[in-house]
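Residue numbers (my numbering): -16 to 197. C-beta: ideal position from N, C-alpha, C; glycine also. All values derive from a computational prediction rather than experimental measurement.
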Amino acid sequence: MVSSPRAANSKQLRRARIAEVATGLFLERGFEAVSIAEIAELAGVSKMTVTNHFPLKEDLVFDEFVGDLGDIRAALDPVTGLGSAIDALEDHCAARELEGPVYRALRGIDGVSTWPSFAGMILASRALTSRFHTHYLEVRDVITAALDGRIGEDQLGIAAWLSAETMHFIDWWPVEAVRDGLPVAHIAAERGGVREYAFAALRSGLVHLPDRGR
């Protein structure tokens, strides 16, 4: 049976509500100090509902990772080769500088940025840090599947790895910047430059990558 649009929308709203409640509790008390039962109670749902939406507790923090993978697939759908794939991935990263969770956290609420607290929460938790980094293995797999058959077999593995790690570097930089004590205004202003530098390095290493031959 196919879910109705209304049911699907209700499910998405419930998922977003659970993630919002959980993130608020995590920021207030720390990731490890909050239980699934407490999240369920405050969100007005059962524990099973929470775990059905979020099998991993860490994914309550990184709710938008699933959507990010879908957006990367969509961005790569029309590409015809390595050069256009790199362009598409950079366009995807550039768009996130104007929307998405990092952008919203940097802007904050009533002019007060929530990014330092959010990044600090990630840095303080081994589980969250591990989940963050694992996401880019998933990104690599999405890129590999999208480019399979569109670029040379010898290029595919290294291109997918380096592209995913370029995105990893771009996304981790704002977290590291908090650890290094950089002010929010500096982080927000420099995100575009970090992305441009990272993709320039990627292009210089990949665009002229030769076939190894066999």
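Query	Result
Is DSSP giving Asp137 helix, strand or coil here?	helix
Would you call the region 49 to 56 in contact with the region 13 to 22, where contact means no fewer than 3 C-beta pairs closer than 8 angstroms?	no
Go ahead and label Glu73 buried or exposed: buried means 16 or more other beta carbons lie within 10 angstroms of its beta carbon, across all protein chains shown.	buried
Please check the pair Val161 and Pro99, which I expect to be a contact at CB under 8 angstroms, by giving their CB distance rounded to whole angstroms.	5 angstroms
Starting from Lys30, trace the alpha helix (DSSP H) both ways and give me its first and last residue.	30 to 36
What does the alpha-carbon distance come out to for the pair Pro61 and Leu89?	32 angstroms
If you draw a straight line from the alpha carbon of Glu41 to that of Lys30, how long is it in whole angstroms?	15 angstroms
Should His206 go down as buried or exposed, given a rule of 16 or more other Cβ atoms within 10 Å for buried?	Lying before the first or after the last residue shown, residue 206 is absent from the chain, which here runs from -16 to 197.
Exposed or buried, which one is Asp154 when buried takes at least 16 other CB atoms within 10 Å?	buried
Can you give me the Cβ contacts of Arg0 inside the same chain, cut-off strictly under 7 angstroms, excluding the 5 residues immediately before and after it?	Ala26
Could you tell me which uninterrupted alpha helix (DSSP H) segments, each at least 4 residues in length, are contained entirely in the region -1 to 65, listed from first to last along the chain?	19 to 26, 30 to 36, 48 to 59
In whole angstroms, what separates the C-alpha of Ser96 from that of Val85?	10 angstroms
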